[in-house]
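All residue numbers for the sequence shown refer to UniProt numbering, where the first residue is 1 and numbers rise by one. Heads up, the beta-carbon is just placed ideally off N, CA and C, and yes, glycines get one too. For reference, the structure discussed in these notes is given below.
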Amino acid sequence: MASTAASPAFCGIPKASTSTSAARASIPATRFLAKNPLRGLGFSAAAAEPLLSHHVATKLRSFGSSSAKPVRGVASMAKKSVGDLTAADLKGKKVFVRADLNVPLDDNQNITDDTRIRAAVPTIKHLISNGAKVILSTHLGRPKGVTPKYSLAPLVPRLSELLGIQVVKADDCIGPEVEKLVASLPEGGVLLLENVRFYKEEEKNEPEFAKKLASLADLYVNDAFGTAHRAHASTEGVTKFLKPSVAGFLLQKELDYLVGAVSSPKRPFAAIVGGSKVSSKIGVIESLLEKCDILLLGGGMIFTFYKAQGLSVGSSLVEEDKLELATSLLEKAKAKGVSLLLPTDVVIADKFAPDANSKVVPASAIPDGWMGLDIGPDSVKTFSDALETTKTVIWNGPMGVFEFDKFAVGTEAIANKLAELSGKGVTTIIGGGDSVAAVEKVGVASVMSHISTGGGASLELLEGKELPGVLALDEATPVAV
Ligand code: AMP
1 MASTAASPAF CGIPKASTST SAARASIPAT RFLAKNPLRG LGFSAAAAEP LLSHHVATKL
61 RSFGSSSAKP VRGVASMAKK SVGDLTAADL KGKKVFVRAD LNVPLDDNQN ITDDTRIRAA
121 VPTIKHLISN GAKVILSTHL GRPKGVTPKY SLAPLVPRLS ELLGIQVVKA DDCIGPEVEK
181 LVASLPEGGV LLLENVRFYK EEEKNEPEFA KKLASLADLY VNDAFGTAHR AHASTEGVTK
241 FLKPSVAGFL LQKELDYLVG AVSSPKRPFA AIVGGSKVSS KIGVIESLLE KCDILLLGGG
301 MIFTFYKAQG LSVGSSLVEE DKLELATSLL EKAKAKGVSL LLPTDVVIAD KFAPDANSKV
361 VPASAIPDGW MGLDIGPDSV KTFSDALETT KTVIWNGPMG VFEFDKFAVG TEAIANKLAE
421 LSGKGVTTII GGGDSVAAVE KVGVASVMSH ISTGGGASLE LLEGKELPGV LALDEATPVA
481 V
């Protein structure tokens, strides 16, 4: 784990009279050695996921070679995986699979993005190829009771096409008609239950409803990462009645990266946090401060940090009630030896609009009446140089108002930098939400190590919270690494 940090580093931003370079101090290399010991990962999904296999193998190699002493890690967050279940466990068994097939539909009920259906396929294929009978459950939209607009019927053709079998759809998710369809389901068949949120009992996690869902099956697989942060009947309640209850490949991969790779990163480990407000990212920043070596901040939140340091921020977004918090985060970073970098320059605009007049100014020289909407070129260079030293990077939140092309440059530059680093073997994790939209916009999503499929669930994992839908699953057999 001998890492040197050649990156420039400073905590906070230079004052107006201070040159950027003078304000920087080098990161002591020894600090990277003093980080937490390894924690285990849920490695079991690797077999079914070639990309993950590669990363897991890389992790194992790096763990093996980087420790002076052999380290025995027990997988604290590792859950039993569907990959642990063989034909002997699955043949002829009825498996309740909770997936997240909440795809966008247009006005004519056509699927406009099938990513979520494709993401669910590896788990379903594993089950049907081992002779299981799959009872597939998902929600779609936010229905209030039975709402035809949110029926799952439009999903059946695409799901059938991707699985290579005709998927049968039930008109309900519980009850005698569903039970009949389950009874006639052949080995290797898939029955799609109707939208589970047609019942209000789903989101209330009512035990009687969970019991009815569970009574359809012998065992349970949760592959719905996007809803794993909610304790609903189909994500948490059913686990009380079905054993084993295991993680699907998609859920497992999210845990491997958002918990495993973040808790036991190849170092140096950088976190990039952006987005609109510091208040919505406090938990993530505090949690990542415990784990990372370098923290790069961008987006609207930086102006609260600037103001806390006594700088003028014009009409930029500021949370006046978070000024003390910003100061305390800067102090915490310093105390922990984390190199916290704020942008040295910003792109300012005379109004919040795509066609606003804009110019680049030092962070310390934002004039009245102007607002910062992106990080500037000097900041992109400083951030890129810092990222160049890393072996793991996690990114959550855009660097600017990337929805407006004029203010998307900083965000796109970071996306491209991460793509370049991925090509050099750096583990790059895009932690959900708008950063995913940004890497997709730039067209570099496919080269990243991991793109999280969850918004709220990713954020909660990065905050260090345990997700109810994950917590409820069976523990993996501890693996010595
Ligand atoms: P979040 O959901 O917290 O990750 O925030 C994402 C949003 O932050 C995006 O819609 C961006 O437009 C917005 N954002 C990024 N930078 C700024 C900025 N400097 N001022 C205002 N909003 C911003």
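Tell me the rounded alpha-carbon separation between V74 and Y257.
Taking the sequence shown and counting its residues from 1, one reaches residue 74 at position 74. Taking the sequence shown and counting its residues from 1, one reaches residue 257 at position 257. Low confidence applies to V74: its pLDDT is 26, below 50, so where it sits in the model is not reliable, and the reading given next is rough at best. Those two C-alpha atoms are separated by around 16 Å.
Compute the minimum distance between the beta carbon of K281 and the heavy atoms of the ligand AMP, and state whether it is under 8 Å.
Taking the sequence shown and counting its residues from 1, one reaches residue 281 at position 281. Yes, the ligand AMP has a heavy atom inside 8 Å of this Cβ.
Using only CA atoms, which one of A183, G237, V82, E320 lies nearest to K204?
Start at 1 with the first residue of the sequence shown, and residue 204 comes out as number 204. Check the Cα spacing between K204 and each of A183, G237, V82, E320: the tightest is with G237.
Apart from the five residues on each side of it in sequence, which residues of its chain come closer than 7 Å, Cβ to Cβ, to L85?
The residue given as residue 85 occupies position 85 in the sequence shown. Closer than 7 Å at Cβ, skipping near neighbours: V246.
Give me the Cβ distance between P265 and T392, rounded to the nearest whole Å; I'm assuming they're in contact under 8 Å.
Translated into positions along the sequence shown, residue 265 becomes position 265. Translated into positions along the sequence shown, residue 392 becomes position 392. For P265 against T392, the beta-carbon gap comes to about 4 Å, under 8 Å, which counts as contact.
So, is S446 buried or exposed, given that buried needs 16 or more other C-beta atoms within 10 angstroms?
The residue labelled residue 446 in the question sits at position 446 within the sequence shown. Exposed, since its Cβ has fewer than 16 Cβ neighbours within 10 Å.
If you draw a straight line from the alpha carbon of A476 to that of G400, how long is it in whole angstroms?
For this step, residue 476 is matched to residue 476 along the sequence shown. For this step, residue 400 is matched to residue 400 along the sequence shown. The alpha-carbon separation between A476 and G400 amounts to approximately 41 Å.
Starting from the C-beta of L185, find all residues in its chain whose C-beta is less than 6 Å away, skip the five residues before and the five after it, and write them out in chain order.
The sequence position of residue 185 within the sequence shown is 185, counting from 1. Excluding sequence neighbours, L185 sits near K133, L191.
With DSSP collapsed to three states, give me the class of L51.
One-based indexing of the sequence shown puts residue 51 at position 51. Here L51 scores only 31 on pLDDT, less than 50, and its place in the model is too uncertain to base an answer on.
Residues of its chain near L467, where Cβ-Cβ distance is below 8 Å and the 5 sequence neighbours each way are ignored
To locate residue 467, count along the sequence shown from 1; it is residue 467. Same-chain partners within the cutoff: A228, H229, A457, E460, L461.
Contacts around A153, its chain only, beta-carbon distance under 7 Å, and the 5 residues preceding and following it disregarded
Working through the sequence shown from its first residue, we reach residue 153 at position 153. If we look at A153 and ignore the five residues flanking it on each side, its Cβ neighbours are K169.
Mind checking P398: buried by the 16 CB within 10 Å criterion, or exposed?
Residue mapping note: residue 398 aligns to position 398 of the sequence shown, counting from 1. P398 is classed as buried because its beta carbon has at least 16 other beta carbons within 10 Å across all chains shown.
Could you tell me whether any non-hydrogen atom of the ligand AMP is closer than 8 Å to the CB of S315?
Residue numbering aside, residue 315 sits at position 315 when the sequence shown is read from its first letter. Checking the Cβ of S315 against the ligand AMP gives no.
Check each candidate in L342, V436, E194, V313 and name the one with the smallest Cα separation from I366.
Translated into positions along the sequence shown, residue 366 becomes position 366. Considering only alpha carbons, the answer is V313.
Extent of the continuous beta strand (DSSP E) run through N222
As a first step, residue 222 must be located in the sequence shown, where it is residue number 222. DSSP places N222 inside the beta strand (DSSP E), whose first and last residues are 219 to 222.
In the DSSP assignment, find the alpha helix (DSSP H) that holds R158 and state where it starts and stops.
Looking up residue 158 in the sequence shown gives position 158. Per DSSP, the unbroken alpha helix (DSSP H) holding R158 starts and ends at 156 to 163.
Would you be able to state if there are at least three C-beta pairs under 8 Å between the region 129 to 143 and the region 90 to 98?
Yes, the region 90 to 98 is in contact with the region 129 to 143.
Locate the alpha helix (DSSP H) running through V167, then write down its first and last residues.
As a working note, residue 167 is residue 167 in the sequence shown. Neither: V167 is in no alpha helix (DSSP H) and is coded neither H nor E.
Contact belief for N357 with D350 at Cβ below 8 Å, rounded distance in angstroms:
Start at 1 with the first residue of the sequence shown, and residue 357 comes out as number 357. Start at 1 with the first residue of the sequence shown, and residue 350 comes out as number 350. Sure, about 5 Å apart at Cβ, within 8 Å.
With a floor of 3 residues, list each beta strand (DSSP E) that falls wholly inside the region 296 to 363, ordered by position along the chain.
The qualifying runs are 339 to 341, 345 to 349, 358 to 362.
Using C-beta distances below 7 Å, list every residue in its chain close to residue 515, excluding the 5 sequence neighbours before and after it, in chain order.
Look at the range of the chain in this structure, 1 to 481, and you will see that residue 515 is not part of it.
Evaluate contact between the region 142 to 151 and the region 119 to 129, counting only Cβ atoms and requiring at least three cross-stretch pairs below 8 Å.
Two segments are said to touch when three or more pairs of C-beta atoms, one from each, lie closer than 8 Å; by this definition the region 142 to 151 does not touch the region 119 to 129.
Do D172 and F198 have their C-beta atoms closer together than 9 Å?
Indexing the sequence shown from 1 puts residue 172 at position 172. Indexing the sequence shown from 1 puts residue 198 at position 198. In this structure, the beta-carbon distance from D172 to F198 falls below 9 Å.
What are the boundary residues of the alpha helix (DSSP H) that K253 is part of?
Here residue 253 refers to the residue found at position 253 of the sequence shown. Per DSSP, K253 belongs to the alpha helix (DSSP H) from 249 to 255.
What first and last residue would you give for the beta strand (DSSP E) that runs through L191?
The residue you call residue 191 lines up with position 191 of the sequence shown. Here the beta strand (DSSP E) through L191 covers 190 to 192.
Where the alpha helix (DSSP H) containing R118 begins and where it ends
As a first step, residue 118 is located in the sequence shown; it is residue number 118 there, counting from the start. Per DSSP, the unbroken alpha helix (DSSP H) holding R118 starts and ends at 115 to 129.
Could you give the distance in angstroms between the alpha-carbon of residue 485 and the alpha-carbon of G274?
Any question about residue 485 goes unanswered here, given that the chain covers just 1 to 481.
Hey, is M448 close to the ligand AMP, as in C-beta under 8 Å from one of its heavy atoms?
Along the sequence shown, one-based indexing puts residue 448 at 448. The ligand AMP has no heavy atom closer than 8 Å to the beta-carbon of M448.
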